[in-house]
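Visitor: In UniProt numbering, the protein residues as written are 1 to 411. For glycine and all other residues, C-beta sits at the position ideal for the given N, C-alpha and C.
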């Protein structure tokens, strides 16, 4: 949807029906045929049934039903054949999309540059080059990268001037399997693409670059590159794929400047945890949700005496009921990880700039006590990264995040 919206905004027309659309329509038609086709016996069975009952009265209706059934079967076979043909065909731009791109100059309210048709390779469809259409994508996480791949596939290599800003130095990687990094310690096993892909498809990627401001009046973004140099880049459309950031609860003395305090979000976070664990012995994770338990298992595998601090009466309260959460707690404690439910954290104890423990109450302690620690990992949920949108006047939801319409457009 976002790809189609960008295309429409720049070229003044929506993406025409593609092979995927036609396949979806055929699927719907097939479902309609199969649901509306009368349930009748086959022609021979119908004749047999008619002869065994009242031949003169029922022969004609039975014959008509048999003919209707044969007609439906033939149409269904044709639909199946066409659907199989579409699914087997390479997913290239449809002829309708190419025609729309050729007519973009006439239909767009924005002056379009001269268009040229890229050289057609054997077995491929021609792709139109529309140089000068500037697309800025802020964020190179999994979603941002997937957007760029789909957009390039829609309009063709070099048809748009696409620049992608990635705040991390690494290429987009799979955060779902982030915990596996502790096992293999190889970031490339999580990376979703290669630098050669961007060169091949004529996309500019800036890693280690942070967008600091979106100037909507000038239609430009201000950013700091990997060398800490400040620059500005104009755009015709900007796509926000900024993702989320880890929520850090408001706990006294807790900042990420304290040695031994970490968030659990990026590969860099994990590398820092691995290094610090070499000199620590006892760690706690704030958060008993899915990511919090993954983090607890990770620090346990790093040889730490591990604790989980969960505010709710049981683990994974979003996904499980009380019985399931307590059963899970039993299994985790069998591993040697201690679980503290109904935790109320009061203060992070810091000595010499390092984590020394946390003051809290929990299900087993009504009075505050000190849980001595060397390392504290925060994995208490995430929040939308919407600060750039807020600062440039884009509408933000009541609980954060950019408000969009059905076409993924902001205010």
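1) Relative to the C-alpha of residue 377, which residue among 170, 307 and 409 is closest?
2) Between which two residues does the beta strand (DSSP E) harbouring residue 223 extend?
3) For residue 370, which residues of its own chain have a beta-carbon under 8 Å away from its beta-carbon, when the five flanking residues on both sides are left out?
4) Do residue 133 and residue 161 have their C-beta atoms within less than 8 Å of each other?
5) Quick check on the burial criterion: 16 or more other C-beta atoms within 10 angstroms. Buried or exposed for residue 141?
6) What residue from 361, 330, 292 and 189 has the CA that sits closest to residue 247's CA?
7) Between which two residues does the alpha helix (DSSP H) holding residue 275 run?
8) State the CB to CB distance for the pair residue 154 and residue 283, rounded to an integer number of angstroms; the pair is presumed to be in contact (CB under 8 Å).
9) Going by C-alpha distance, which of 136, 168, 163 and 172 is nearest residue 146?
10) With a threshold of 6 Å on Cβ separation, who are the neighbours of residue 273 within its own chain once the five nearest residues in sequence on each side are excluded?
11) Between residue 179 and the rest of its own chain, which residues show a CB-CB distance below 6 Å, the 5 nearest in sequence each way excluded?
12) On the three-state DSSP scale, how would you describe residue 312?
13) At the level of alpha carbons, what is the spacing between residue 275 and residue 405?
14) Return the CA-CA distance between residue 411 and residue 240, expressed in angstroms with no decimal places.
15) Where does residue 289 land, buried or exposed, given buried means 16+ other C-beta within 10 angstroms?
16) Looking at the unbroken beta strand (DSSP E) that takes in residue 369, where does it start and where does it end?
17) What are the boundary residues of the alpha helix (DSSP H) that includes residue 402?
18) Got a sec, what are the start and stop residues for the alpha helix (DSSP H) residue 181 sits in?
19) Residue range of the alpha helix (DSSP H) that residue 390 falls in?
20) So what's residue 301 in DSSP terms, helix, strand or just coil?
21) Would DSSP call residue 246 helix, strand or coil?
22) Evaluate the contact criterion for the region 195–208 versus the region 218–226: three or more CB pairs, one atom per stretch, below 8 Å.
23) In chain order, what residues of the same chain lie with their CB nearer than 7 Å to the CB of residue 231, ignoring the 5 residues before and after it?
24) Alpha carbon to alpha carbon, how far is residue 189 from residue 266?
25) Please state if the CB of residue 329 and the CB of residue 412 are separated by a distance shorter than 8 Å.
26) Find out if the Cβ-Cβ distance for the pair residue 400, residue 383 is shorter than 8 Å.
27) Which residue wins for smallest C-alpha separation from residue 388, given the options 181, 81, 195 and 243?
28) Grouping DSSP H, G and I as helix and E and B as strand, with all else coil, what is residue 264?
29) Compare the beta carbon distance of residue 361 and residue 344 with 8 Å and say whether it is the shorter of the two.
30) Classify residue 341: buried if its beta carbon has 16 or more other beta carbons within 10 angstroms, exposed otherwise.
31) Relative to the alpha-carbon of residue 236, which residue among 381, 218, 74 and 251 has its alpha-carbon at the smallest distance?
32) Would you mind sorting residue 260 into buried or exposed? The rule is 16 or more other CB atoms within 10 Å of its CB.
33) Going by Cα to Cα distance, which pick from 220, 69, 286 and 367 is closest to residue 264?
34) Between residue 363 and the rest of its own chain, which residues show a CB-CB distance below 6 Å, the 5 nearest in sequence each way excluded?
35) Assuming residue 148 is part of the alpha helix (DSSP H), what are its boundary residues?
Guide: According to the data block:
1) Here the closest residue by C-alpha is 307.
2) Residue 223 -> beta strand (DSSP E) spans 220–224.
3) Counting only residues of its own chain and dropping the five nearest sequence neighbours on each side, residue 370 has a CB closer than 8 Å to the CB of 349, 357, 358 and 359.
4) Yes, Cβ-Cβ distance for residue 133 and residue 161 is below 8 Å.
5) Under this definition residue 141 is a buried residue.
6) The residue with the shortest Cα to Cα distance from residue 247 is 292.
7) That run of the alpha helix (DSSP H) goes 267–277.
8) Not quite, the Cβ-Cβ distance comes to about 47 Å (not below 8 Å), so this is no contact.
9) With distances taken between CA atoms, residue 146 lies nearest to 172 out of 136, 168, 163 and 172.
10) For residue 273, where only same-chain residues beyond five positions count, the Cβ hits under 6 Å are 262.
11) So the qualifying residues of the chain are 294 and 298.
12) When DSSP states are grouped into helix, strand and coil, residue 312 belongs to the coil group.
13) Between residue 275 and residue 405, the alpha-carbon positions lie close to 45 Å from each other.
14) Rounded to whole angstroms, residue 411 to residue 240 spans 13 Å at the Cα level.
15) Counting every other CB atom within 10 Å of its CB across the protein chains shown gives residue 289 a total of 16 or more, marking it as buried.
16) Segment 365–372, the beta strand (DSSP E) holding residue 369.
17) Run containing residue 402: none; DSSP gives neither H nor E here.
18) That run of the alpha helix (DSSP H) goes 181–184.
19) Going by DSSP, residue 390 is part of the alpha helix (DSSP H) stretching over 387–391.
20) Residue 301 falls in the helix class under three-state DSSP.
21) DSSP places residue 246 in strand when its eight states are reduced to three.
22) Output reads yes: the region 218–226 touches the region 195–208.
23) 223 and 225, listed in sequence order.
24) Taken atom to atom, the span from the alpha-carbon of residue 189 to that of residue 266 is near 14 Å.
25) The chain is shown only over 1 to 411; residue 412 falls outside these bounds and no answer can be derived.
26) Yes. Within cutoff.
27) Residue 388 has its Cα closest to that of 243, out of 181, 81, 195 and 243.
28) Looking at residue 264 - three-state DSSP - the assignment turns out to be coil, as it is neither helix nor strand.
29) In contact: residue 361 and residue 344 (Cβ atoms closer than 8 Å).
30) Looking at its Cβ environment, which holds 16 or more other Cβ atoms inside 10 Å, residue 341 is buried.
31) 218 is the residue among 381, 218, 74 and 251 whose C-alpha sits nearest the C-alpha of residue 236.
32) Buried.
33) If we check each option's Cα against that of residue 264, 286 comes out closest.
34) Once the five neighbours on either side are set aside, the close Cβ partners of residue 363 are 341 and 342.
35) Its alpha helix (DSSP H) spans residues 142–155.
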